[in-house]
Amino acid sequence: MKAKAILPALAIILLLCSCGKNIPTITADQLKSKHAVLMVTSAELSDSGKAAVQKALANWRQTQNISYEWVSGASELNDDIVGNIESVPYDYVLLVGSSLSQQALTVSAQYPDKKWMLFDDDMARQPAAASNANVMYKRTDPNLLQNDWNDWVQTQLQQGISMEWVTQTAKPVPSNWAPSEEADHIVYTDSAATWFSQLQFQAKQHGSGWIVLYGKVDNNALQRIKTLGIQVTNMSEGKVEMNWDDILSGALDMIASSKWNPGIQQYTGSEAVFSRK
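Structure (structure tokens):
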């Protein structure tokens, strides 16, 4: 009788042991691999960019167990956002939008315990620096527009065709297109209210065959420029099409692998494509 009582008990023990093998356990490595991310996207980010961010974050949580918060439509890193960065133990702070990058380069120095990923969404015009070891900054090649238009400009120069350049002080014309000795061929729309009169005078004085818009002007200014009866080339209409799926996939690879590559990085040809519009 005792043997008959022992057998069922042994069977129950064996059943419990075999079931326990199928219960998933969380290892220390898995706990370490869970990351917390703050995503901040700018107010200027395109609708397609926002959709890509939303899809990526949901995928990161589902496939990599990454927790996140998303601040959308930010025009700056205001006190609320910075306070959140300070109080919440995020591992990564991701900012998407050129308008946020410069401020982020400054703020990131105050929080070296967090890794910062900055992603421009517009064409870079000037070189940049990111010396902090906790910052990775992706942007376009600042020579992108110059490389694309250089053949056209050189052709005009070789043919002796005079050009007047219209831009802003923050967007200087490349020196090999308009060297310093030809400074009187450049008009800055933000330096004086009389910029149009100056352009009119210079174009007549030089007998210019082209007016080149290197910096953006509004439609009213453009229509005034066209009244001069001189051909207009609008370089400022050039834009960069961002492949956010590829860009954010690269960000995930860096987070998931815990491999950190700080400094300035240029978008690859598959991540950003330049077009003249």
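According to UniProt numbering, the residues represented by the sequence shown are 1 to 277, in order. For glycine and all other residues, C-beta sits at the position ideal for the given N, C-alpha and C. From a predicted model like this one, the values you see are computed outputs, not experimental measurements.
| Query | Result |
| --- | --- |
| Taking C-beta to C-beta, are residue 248 and residue 58 nearer than 8 Å? | no |
| Distance check for residue 187 and residue 105, CA to CA, integer angstroms please. | 31 Å |
| Please look up how many angstroms separate the CB atoms of residue 145 and residue 107, rounded, as I've assumed it's under 8 Å. | Not a contact, Cβ separation roughly 28 Å. |
| List the endpoints of the continuous beta strand (DSSP E) containing residue 138. | 135-139 |
| Any idea if residue 236 is buried or exposed, counting beta-carbon neighbours within 10 angstroms, 16 or more meaning buried? | buried |
| State yes or no: is the C-beta of residue 217 within less than 8 Å of the C-beta of residue 194? | no |
| Using the C-alpha atoms, what's the distance from residue 165 back to residue 204? | 14 Å |
| So, with DSSP's three-state summary, where would you put residue 234? | strand |
| For residue 241, list the residues DSSP reports as bridge partners. | 273 |
| Pull up the DSSP beta-bridge partners for residue 68, would you. | 37 |
| Is the beta carbon of residue 45 closer than 8 Å to that of residue 96? | yes |
| Rounded to the nearest angstrom, what separates residue 111 and residue 70 at their Cα positions? | 19 Å |
| Thinking residue 114 and residue 137 are a contact (beta carbons under 8 Å), I'd like their distance in whole angstroms, please. | Wrong, their Cβ atoms sit about 15 Å apart, outside the cutoff. |
| Please report the straight-line C-alpha distance between residue 119 and residue 228, rounded to a whole angstrom. | 40 Å |
| For the putative contact between residue 116 and residue 93, defined by C-beta atoms under 8 Å, what is the C-beta separation to the nearest angstrom? | 5 Å |
| Should residue 66 be labelled buried (16 or more other beta-carbon atoms within 10 Å of its own) or exposed? | buried |
| Return the CA-CA distance between residue 260 and residue 140, expressed in angstroms with no decimal places. | 20 Å |
| Assign residue 227 to one of three DSSP states: helix, strand, or coil. | coil |
| I'd like the span of the alpha helix (DSSP H) that includes residue 86, first residue to last. | 79-87 |
| In three-state DSSP terms, what is residue 99? | helix |
| If the criterion is Cβ atoms closer than 8 Å, does the pair residue 273 and residue 232 meet it? | no |
| Residue 167: buried (16+ other C-beta within 10 angstroms of its C-beta) or exposed? | buried |
| How big is the Cα-Cα spacing for residue 180 and residue 230? | 23 Å |
| Whose C-beta lies closer than 7 Å to the C-beta of residue 72 among residues of the same chain, with five residues either side of it excluded? | 41 and 50 |
| Taking residue 121 as the reference, give the member of 224, 202 and 53 with the closest Cα. | 53 |
| So is residue 215 buried or exposed if we call it buried at 16+ other beta carbons inside 10 Å? | buried |
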